[in-house]
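Heads up, the thing below is written out as structure tokens.
Number of protein chains: 2
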Amino acid sequence: MAILVVGSVAFDSIETPHGKVDHCLGGAATYFALAASYFTDVRVIAVVGEDFLPKHEAVLKARRIDTAGIERASGLTFHWTGSYAGTLSEAKTLGTDLNVFERFEPKIPEAYADSEYLFLANIDPVLQARVRSHMPTVRMVCGDTMNYWIKDHGANLAVVLRNLDVLLINDVEARMLSGETNPVRAAEKVLAMGPKSLVVKHGEFGATGFFGDRSFAGATSRPFRAPALPLAEVVDPTGAGDSFAGGFYGYIASQPELTPAVFRRAMFYGGVMGSFACERFGTERLQAVTRDEIEARFALFREISHLDSAV
Amino acid sequence: MAILVVGSVAFDSIETPHGKVDHCLGGAATYFALAASYFTDVRVIAVVGEDFLPKHEAVLKARRIDTAGIERASGLTFHWTGSYAGTLSEAKTLGTDLNVFERFEPKIPEAYADSEYLFLANIDPVLQARVRSHMPTVRMVCGDTMNYWIKDHGANLAVVLRNLDVLLINDVEARMLSGETNPVRAAEKVLAMGPKSLVVKHGEFGATGFFGDRSFAGATSRPFRAPALPLAEVVDPTGAGDSFAGGFYGYIASQPELTPAVFRRAMFYGGVMGSFACERFGTERLQAVTRDEIEARFALFREISHLDSAV
Numbered sequence: 003m004a005i006l007v008v009g010s011v012a013f014d015s016i017e018t019p020h021g022k023v024d025h026c027l028g029g030a031a032t033y034f035a036l037a038a039s040y041f042t043d044v045r046v047i048a049v050v051g052e053d054f055l056p057k058h059e060a061v062l063k064a065r066r067i068d069t070a071g072i073e074r075a076s077g078l079t080f081h082w083t084g085s086y087a088g089t090l091s092e093a094k095t096l097g098t099d100l101n102v103f104e105r106f107e108p109k110i111p112e113a114y115a116d117s118e119y120l121f122l123a124n125i126d127p128v129l130q131a132r133v134r135s136h137m138p139t140v141r142m143v144c145g146d147t148m149n150y151w152i153k154d155h156g157a158n159l160a161v162v163l164r165n166l167d168v169l170l171i172n173d174v175e176a177r178m179l180s181g182e183t184n185p186v187r188a189a190e191k192v193l194a195m196g197p198k199s200l201v202v203k204h205g206e207f208g209a210t211g212f213f214g215d216r217s218f219a220g221a222t223s224r225p226f227r228a229p230a231l232p233l234a235e236v237v238d239p240t241g242a243g244d245s246f247a248g249g250f251y252g253y254i255a256s257q258p259e260l261t262p263a264v265f266r267r268a269m270f271y272g273g274v275m276g277s278f279a280c281e282r283f284g285t286e287r288l289q290a291v292t293r294d295e296i297e298a299r300f301a302l303f304r305e306i307s308h309l310d311s312a313v
Numbered sequence: 003m004a005i006l007v008v009g010s011v012a013f014d015s016i017e018t019p020h021g022k023v024d025h026c027l028g029g030a031a032t033y034f035a036l037a038a039s040y041f042t043d044v045r046v047i048a049v050v051g052e053d054f055l056p057k058h059e060a061v062l063k064a065r066r067i068d069t070a071g072i073e074r075a076s077g078l079t080f081h082w083t084g085s086y087a088g089t090l091s092e093a094k095t096l097g098t099d100l101n102v103f104e105r106f107e108p109k110i111p112e113a114y115a116d117s118e119y120l121f122l123a124n125i126d127p128v129l130q131a132r133v134r135s136h137m138p139t140v141r142m143v144c145g146d147t148m149n150y151w152i153k154d155h156g157a158n159l160a161v162v163l164r165n166l167d168v169l170l171i172n173d174v175e176a177r178m179l180s181g182e183t184n185p186v187r188a189a190e191k192v193l194a195m196g197p198k199s200l201v202v203k204h205g206e207f208g209a210t211g212f213f214g215d216r217s218f219a220g221a222t223s224r225p226f227r228a229p230a231l232p233l234a235e236v237v238d239p240t241g242a243g244d245s246f247a248g249g250f251y252g253y254i255a256s257q258p259e260l261t262p263a264v265f266r267r268a269m270f271y272g273g274v275m276g277s278f279a280c281e282r283f284g285t286e287r288l289q290a291v292t293r294d295e296i297e298a299r300f301a302l303f304r305e306i307s308h309l310d311s312a313v
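Sequences listed follow chains A and B, in order.
Take 3 as the starting number for the first sequence in our numbering and just add one per residue.
Take 3 as the starting number for the second sequence in our numbering and just add one per residue.
Here is the structure:
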């Protein structure tokens, strides 16, 4: 089933202890789309500038991602500059040039209207809500957000949260959104804001799924903990969270039904795609991974976390 | 098989967002012994002062812990004062009164000489090495340490590390000991210092086991990730790490042989005992837990981390 993702397609200039890249293809929608493309069809709504060239679009096309919804505007593409140091667990933003993204007005192509799965990547919640309202018959809606929107755009974000099936955020965002330091109580408060389920990402420590009463028909309310793979070399963690979301949602969209077992496997696939994203700068690894490598890493995630694994 | 633990028996005065306790029974050896006592026989070597009363010893006796090695010295028992705030992930030490612990000279009672498992809790590595040398025929040795010894007593600690089967430390200690920020490379460096295996504790995110070539006969070098239980209420995290060690090592000592499967289950039991420790102030919960509750929580740890769990 096709996923429609709305979010940023951008250029990133990144410095990590492993090196430096200038204006490599990035953006939440890009990472999400590449990761999800290994599981299902993906359609992208975004805006880019005149510096977005055929070679950049070719990266998405090579993964059979539908780029009809990527609008060309006059001006430059959104450009983010950041660096990582130490444990590489947090990016330091050195520059955010919104450029054409500042006036982004998502337009949904006719051909996208039958998309059954919608992903609202991290953009202004006003735009998230608008896209959501134009897709009334969508089967499932997942979304992301960040500290900036939580802090200063709470009322707009609340509208989005009310209609989400799954919200994917990190620990800091969960604490900020809920005002609770305890992760279980934070999750309860976030679920009370509307999302049927919540996935809290812990970076190198994996992710925890929290489930409200409406998560599944008659299913568990126990949390679920998915591991992350200890990596000897994190070259560039940019986009790992968006790649997690892509693997997670892509797998869900490839399955006939969302069951607790599918949700768990989706969290593992999320971690798998997030781990690949970290192995090279930008989207390099996500462009070139194979389905066999994905399945082998899924098996590895199982092996390093399950008691009965063969060794 | 009996475990001999050498470490601190202390009084703790603790403040957390859930309240305050004054001079409650604590110390690494106490938490370790209580947690391990649910799996195997435990013998304690420690020193206490005149304020250590029969009612305190009765807490250990009630769990059939052998207290013959707890020496009485004139003066006061080691007293730690600390507080926790925010996410309760780190203690703020407000006072450390070593008292009789300052002149601690571990003496091994004759009756302890046949102990097959030795646990060197977090004390001066000179004392750890001395106890180790007096137990030449011991079957397995595990140990803990902390930033203070890593920073200023590195040469003494190196002697201890050379002869350890398993070292249990936390993320910060692993980074400090190795000088590496990457967790995989940090583990490799620590294993190169001597321990056959390494367990790095991540607090609320569980623990990772790393295995050198000498960990098991012909076994995996893959890491293993054990979850922690998301707790809605962390009353007091004091002793959680020592309780993890007690559950981990107690389970190992109860098994005929150390296999990769036993190591994995031991890491789960470590997390189980650590989670109980957090539920009440001091050792209260560890004194009163039942084996049935332990097994139920072990099953819960499996359920929240395994793909095939029934829901």
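Think of the CB as a built atom: it goes at the ideal place given N, C-alpha and C, for glycine as much as any other residue.
Computed from a predicted structure; not experimentally measured.
Classify residue i: buried if its beta carbon has 16 or more other beta carbons within 10 angstroms, exposed otherwise.
| i | result |
| --- | --- |
| L120(B) | buried |
| K153(A) | exposed |
| V199(B) | The amino acid occupying residue 199(B) in the given sequence is Ser; Val does not appear at that position. Buried, since its Cβ has 16 or more Cβ neighbours within 10 Å. |
| R266(A) | buried |
| E107(B) | exposed |
| G71(A) | buried |
| L96(B) | exposed |
| V128(B) | exposed |
| R66(B) | exposed |
| G276(A) | buried |
| Y150(A) | exposed |
| T18(B) | buried |
| D24(A) | exposed |
Compare the Cα-Cα distances from residue i to each of the options and report the closest residue.
| i | options | result |
| --- | --- | --- |
| D116(B) | M178(B), L129(B) and L6(B) | L6(B) |
| M195(B) | L233(B), D173(B), G156(B) and H204(B) | G156(B) |
| L27(A) | E190(A), T79(A) and F265(A) | T79(A) |
| G211(A) | F303(A), P185(A) and S135(A) | P185(A) |
| G249(B) | L100(B), E17(B) and R299(B) | R299(B) |
| F278(B) | G29(B), D24(B) and A37(B) | A37(B) |
| R1(B) | G21(B), A87(B) and V8(B) | Nothing can be reported for residue 1(B), as the shown portion of chain B is limited to 3 through 313. |
| V102(B) | S307(B), Y253(B), S10(B) and G276(B) | S10(B) |
| T98(A) | A176(A), L55(A), I16(A) and N165(A) | I16(A) |
| G272(B) | F213(B), R132(B) and L170(B) | L170(B) |
| S307(A) | F218(B), E286(B) and G208(B) | G208(B) |
| A64(A) | S39(A), F218(A) and S217(A) | S39(A) |
Look at the alpha carbon of residue i and the alpha carbon of residue j, and state the distance between them as a whole number of angstroms.
| i | j | result |
| --- | --- | --- |
| P258(B) | E118(B) | 12 Å |
| D290(A) | I296(A) | Per the sequence shown, the amino acid found at residue 290(A) is Ala instead of Asp. Cα to Cα, A290(A) sits roughly 11 Å from I296(A). |
| A188(B) | P239(B) | 25 Å |
| R293(B) | A12(B) | 26 Å |
| A75(B) | V49(B) | 7 Å |
| A230(B) | E73(A) | 45 Å |
| D146(B) | H136(B) | 18 Å |
| T42(A) | V202(B) | 37 Å |
| V264(B) | R141(B) | 16 Å |
| E305(B) | F246(B) | 19 Å |
| D68(A) | S85(B) | 55 Å |
| S91(B) | E206(B) | 8 Å |
| G284(A) | G241(A) | 8 Å |
| T183(B) | L233(A) | 12 Å |
| W82(B) | A123(A) | 48 Å |
| L288(B) | V162(A) | 44 Å |
| N158(B) | M178(B) | 16 Å |
| V44(A) | Y253(A) | 12 Å |
| F34(A) | A113(A) | 20 Å |
| L193(A) | G181(B) | 40 Å |
Which residues mark the beginning and the end of the alpha helix (DSSP H) in which residue i is found?
| i | result |
| --- | --- |
| T32(B) | A30 to A38 |
| G272(A) | P262 to A279 |
| E295(A) | R293 to E305 |
| E73(B) | Note, E73(B): premise wrong, no alpha helix (DSSP H); beta strand (DSSP E) at D68 to R74. |
| E286(B) | E286 to A290 |
| E92(A) | It is not in any alpha helix (DSSP H) - E92(A) carries neither H nor E in the DSSP assignment. |
| H58(A) | P56 to K63 |
Counting along the chain, where does the beta strand (DSSP E) carrying residue i start and finish?
| i | result |
| --- | --- |
| A48(B) | V44 to V50 |
| A12(B) | A12 to T18 |
| L6(A) | I5 to V8 |
Run through the region 217-259 of chain A for me and flag every whole beta strand (DSSP E) of 3 or more residues, listed as ranges in chain order.
-> If you keep only unbroken beta strand (DSSP E) runs of at least 3 residues inside the region 217-259 of chain A, you get 226-228.
Would you mind listing the alpha helix (DSSP H) stretches within the region 146-207 of chain A that are 4+ residues and don't spill past its ends, in chain order?
-> Inside the region 146-207 of chain A, DSSP marks whole alpha helix (DSSP H) runs of 4 or more residues at positions 149-154, 156-164, 173-180 and 185-194, from first to last along the chain.
Whole alpha helix (DSSP H) runs in the region 96-151 of chain A with 4 or more residues, listed along the chain?
-> Annotation note: the region 96-151 of chain A contains the following uninterrupted alpha helix (DSSP H) runs of length 4 or greater, listed N- to C-terminal: 127-135.
Contact list for the region 229-243 of chain B against chain E, Cβ threshold 9 Å = Of the chains in the structure shown, none is chain E; the protein chains are A and B.
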